[in-house]
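Below is one structure, written out as structure tokens, with a few remarks after it.
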Amino acid sequence: MRGLPGGPAAYGGAAPGSAAYGGPRSRPGQGDGHRGLDPPRPPGAGRLRLVTALAALRDDVALDTVDVADHELPGGLDALDPVVALRPRLAAADAFVLIVPEYNRSVPGPLKTLIDSFQSEWDAKPVGFLGYGLSLTGGVRAVEHLRQVSAEFHAVGMKDAVLFPRVLEHYDAQGRFPAEPEGPEAAAKLMLDELLWWALALRDAKSVRPYGV
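Count along the sequence shown from 1, add 970, and you get the number used in this note's numbering.
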């Protein structure tokens, strides 16, 4: 997404099993004891709506939502791979939010493949996280792995994340998510506030001294 005048841009990358700034086809991984069977597939759009609804209330952010499930993933990491079409969108973003389920105690493969397909597009940009899973960990192991991956790409992971342990219990009888929005909305606002502070600070710094190591 593009930045607004005086405000940063934010982008999300998603996968079948993960999303960023909302991938509606996300799947929560079991996290504990999972051995490769497909996990249940509750609608992932709830996690998307939680973030995008809060972002829509702000005048300092514009969203570009990407679901990895909508993009053919590369078989290698060369310039001809199909995912390269996302390069201008990632490069234009000032910040990222990754929405990720914990799968086999880590990050789903498609999201990791997408991240690995790019390099400078992540440089010196902040990354926020929303994790979820079927176990009590609530996706925290996937989020912590993404923090390490983000650091390798010279991105800045946000301290505060949004987590949904036992994600199926966050739906009400009508299928609405989250059933009790006050806590998740407060956590998401905190994460977005941090993300936008870092987005502006890093964008201003790069305008004075371009990033490069």
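Cβ atoms here follow ideal geometry from the backbone N, Cα and C, with glycine treated the same way.
Report all residues from its chain with a CB closer than 7 Å to the CB of residue i; omit the five preceding and five following residues, and keep chain order.
i: residue 1040; result: none
i: residue 1132; result: 1100, 1154, 1157, 1158, 1161
i: residue 1142; result: 1149
Note down, in chain order, each residue of its chain lying with its Cβ closer than 6 Å to the Cβ of residue i, except the 5 sequence neighbours on either side.
i: residue 1093; result: 1124, 1181
i: residue 1169; result: 978, 1064, 1065, 1096
i: residue 1044; result: 1051, 1053, 1087
i: residue 1113; result: 1099, 1101, 1131
i: residue 1111; result: 1072, 1075
Tell me the DSSP bridge mates of residue i?
i: residue 1076; result: 1073
i: residue 1099; result: 1068
i: residue 1110; result: Paired residues: none, contrary to the question.
i: residue 1126; result: 1096
What is the DSSP secondary structure of residue i, reduced to helix, strand or coil?
i: residue 1166; result: helix
i: residue 1133; result: strand
i: residue 1154; result: helix
i: residue 1040; result: helix
i: residue 1160; result: helix
i: residue 1144; result: coil
i: residue 1257; result: Residue 1257 cannot be examined here, being either before or after the span of the chain that is shown, 971 to 1183.
i: residue 1104; result: coil
i: residue 1177; result: helix
i: residue 1087; result: coil
i: residue 1121; result: helix
i: residue 1171; result: helix
i: residue 1149; result: coil
i: residue 1063; result: coil
i: residue 975; result: For residue 975, the pLDDT reaches just 35, beneath the cut-off of 50, and the residue's location in the model is therefore unreliable, although a value from the coordinates is still provided. Of the three classes helix, strand and coil, the one that applies to residue 975 here is coil, per DSSP.
Grab me the residues of residue i's own chain with a C-beta within less than 8 Å of its C-beta, minus the 5 sequence neighbours each way, in chain order.
i: residue 975; result: Below a pLDDT of 50, predicted positions are generally treated as unreliable, and residue 975, at 35, falls in that range; the measurement from the model is reported next regardless. Within the same chain, residue 975 has no close Cβ partners at all.
i: residue 1042; result: 1052, 1053
Is residue i close to the ligand ATP? I mean its beta-carbon at under 7 Å from any heavy atom of the ligand.
i: residue 1163; result: What this structure holds is no ligand at all, so the ligand ATP is not there to describe.
So residue i and residue j are in contact, right, with Cβ under 8 Å, and what is the actual spacing, rounded?
i: residue 1134; j: residue 1098; result: No, residue 1134 and residue 1098 are not in contact; Cβ-Cβ is about 15 Å, not under 8 Å.
i: residue 1081; j: residue 1070; result: 6 Å
i: residue 1021; j: residue 1067; result: 6 Å
i: residue 1128; j: residue 1164; result: 5 Å
Are the region 1070-1077 and the region 1026-1034 touching, with three or more C-beta to C-beta distances below 8 Å?
no
With a cut-off of 8 Å, do at least 3 Cβ pairs link the region 1110-1125 to the region 1143-1153?
no
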